[in-house]
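Working notes for the structure below.
Numbering (the UniProt record's numbering), first residue to last: 1 to 298.
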């Protein structure tokens, strides 16, 4: 009973994360289903795809009502991602579970570093008038392949891609990413169902709890500072990634490798933030010097 309560509580958190950030559901869902619910790795990944897909589909609703969804962009990216996700789900049948979880942990650490580092400001950059379809299709297939294979890498790869390639504001990229995640997750699940059986009762309960959380997260979106939320969640993902990675290694050196991975992730994230800060100072400094020179000349 305690295990079920903890699983459902974690599922609500998954939904809130999806609603707020447009991603992160699978990063929490797989460890929750493996280490709390006690599911085998491949069954947990397949179940997480169902949970995240259904939750994302429902989570789109509050964003759509607030006009934070670009349907054409989401459908183009999503259709490309479905192809890769289905292929990844079929390919996973030939990959050992330990390899999948190790890849999942590394994906978590890479995602955490990107979240903590943050994104470069797009201020001053021209917004493209037309969507570069070829590149979106290529990125969609690659992101979908990762999603279908290890059950992760959906939203936190999709959101930056939509913001960069489609020129979408971050709130719109978050809402649109939920369309993409839903499409890719169901395609990846279809690939897994050829080789994995799912506990449909548990999956339905976890999905229902996650949907409740996603509706709550959708209402909270925009009320919490995005940088604070993203950075805090990034540090949490570092801890979870190190834990999952250490579980897949021999006890004698699992903690050592985990500590090295954590240190590398933190170093990369902090270095990226500092570099971005210096670049911003340089960009702000140039107009000031130009104004001073203009004033002297006058």
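Ideal Cβ placement from N, Cα and C applies to all residues, glycine included.
For residue i, collect the residues of the same chain with a Cβ closer than 7 angstroms to its Cβ; drop the 5 residues on either side in sequence, then sort them by chain order.
i, result
"residue 205", "8"
"residue 180", "74, 77, 78, 81, 158"
"residue 91", "149"
"residue 6", "36"
"residue 101", "41, 244, 248"
"residue 33", "39, 44, 47, 48"
May I ask you to report which of helix, strand or coil DSSP gives residue i?
i, result
"residue 247", "helix"
"residue 130", "With a pLDDT of 43 at residue 130, under the threshold of 50, the modelled position of that residue is not reliable, and the figure given next carries that caveat. Correct three-state label for residue 130: coil."
"residue 179", "helix"
"residue 198", "coil"
"residue 14", "helix"
"residue 3", "helix"
"residue 224", "coil"
"residue 66", "coil"
"residue 171", "helix"
"residue 242", "helix"
"residue 193", "coil"
"residue 237", "helix"
"residue 8", "helix"
"residue 95", "coil"
"residue 122", "Bear in mind that a pLDDT of 46 at residue 122, under 50, signals an unreliable position, so the model cannot answer this."
Report all residues from its chain with a CB closer than 8 angstroms to the CB of residue i; omit the five preceding and five following residues, and keep chain order.
i, result
"residue 211", "15, 54, 55, 58, 59"
"residue 220", "16, 19, 20"
Taking all protein chains shown into account, do 16 or more other C-beta atoms lie within 10 angstroms of the C-beta of residue i, making it buried, or fewer, making it exposed?
i, result
"residue 224", "exposed"
"residue 93", "exposed"
"residue 195", "exposed"
"residue 4", "exposed"
"residue 134", "exposed"
"residue 63", "buried"
"residue 174", "buried"
"residue 31", "buried"
"residue 207", "buried"
"residue 17", "buried"
"residue 140", "buried"
"residue 121", "Any reading at residue 121 must be qualified, since the residue scores a pLDDT of 49, below 50, and its modelled position is unreliable; the value itself is stated next. Label assigned to residue 121: exposed."
Under 6 angstroms Cβ to Cβ from residue i, same chain only, skipping five residues before and after it: list those, please.
i, result
"residue 89", "148, 188, 191, 192"
"residue 209", "8, 11, 12"
"residue 137", "80"
"residue 182", "53, 56, 57"
"residue 97", "41, 42"
"residue 213", "12, 15, 16"
"residue 185", "49, 52, 53"
"residue 68", "171, 172, 175"
"residue 83", "141"
"residue 71", "none"
Does the beta-carbon of residue i, which I'm using as the reference point, lie nearer than 8 angstroms to any heavy atom of the ligand SAH?
i, result
"residue 200", "You won't find the ligand SAH in this model; it holds no ligand whatsoever."
Any chance the stretch 173 to 192 sits against the stretch 46 to 63, with 3 or more Cβ pairs inside 8 angstroms?
yes
At what residue ranges does the stretch 24 to 48 contain a whole run of the alpha helix (DSSP H), taking only runs of 4 or more?
25 to 31
With three or more beta-carbon pairs closer than 8 angstroms as the criterion, would you say the stretch 238 to 253 touches the stretch 92 to 111?
Counting Cβ pairs under 8 angstroms, three or more are found: they touch.
Please confirm if the stretch 37 to 44 is in contact with the stretch 133 to 144, defined as three or more CB-CB distances below 8 angstroms between the two stretches.
no
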